[in-house]
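Undergrad:
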Amino acid sequence: MYLIPKNVGSRFEFFEGFGMKELIFCVLGALLGIGISSLLSLFIASLAAKIIPIAVCTAVAFFVVKEDPRLGKSVISTFKDQRKFLSKPRRYFYIFGEGRKR
Numbered sequence: 001m002y003l004i005p006k007n008v009g010s011r012f013e014f015f016e017g018f019g020m021k022e023l024i025f026c027v028l029g030a031l032l033g034i035g036i037s038s039l040l041s042l043f044i045a046s047l048a049a050k051i052i053p054i055a056v057c058t059a060v061a062f063f064v065v066k067e068d069p070r071l072g073k074s075v076i077s078t079f080k081d082q083r084k085f086l087s088k089p090r091r092y093f094y095i096f097g098e099g100r101k102r
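In the numbering used here, the protein residues as written are 1 to 102.
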């Protein structure tokens, strides 16, 4: 029997809660920002109009996929859990009409 220490992670992470999956999403966000930046550069010649969309899209992607260290859930996983919960049937134990208690 092998004893595995508790502080050993099960996946490779650059820092706490940020691994390869999160890096890929941040790169995709940066690519989306580059696309938006190139479209804006057709209409606006400012350097800030070229840099701000890249930074904003990358930051949004980072905060959407970064896991909360307290809960271990990201914004995406929270939305998935919410959709899963809302798709389940629910049973309500109360009566409509004359038979209900006040």
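Ideal Cβ positions, reconstructed from N, Cα and C, are used throughout, including at glycine.
Note that this is a predicted model, so its numbers are computed, not measured.
Who are the near neighbours of Phe12 in its chain, counting only those whose CB is closer than 7 Å to its CB and skipping five residues on each side?
TA: Within the sequence shown, the letter at position 12 stands for residue 12. Gly19 and Met20, listed in sequence order.
Undergrad: Based on the DSSP secondary-structure assignment, which residues constitute the bridge partners of Gly35?
TA: As a first step, residue 35 is located in the sequence shown; it is residue number 35 there, counting from the start. The partner list for Gly35 (beta bridge, DSSP) is empty, contrary to what the question assumes.
Undergrad: Any idea what DSSP makes of Glu67, helix, strand or coil?
TA: Walking along the sequence shown from the start, residue 67 turns up at place 67. Reduced to three states, the DSSP call for Glu67 is coil.
Undergrad: Are the region 64-76 and the region 20-30 touching, with three or more C-beta to C-beta distances below 8 Å?
TA: Yes: at least three Cβ pairs fall under 8 Å.
Undergrad: With distance defined between alpha-carbon atoms, name the residue in Ile34, Leu71 and Lys6 nearest to Lys50.
TA: Numbered from its first residue, the sequence shown carries residue 50 at position 50. Measuring from the Cα of Lys50, the nearest candidate turns out to be Ile34.
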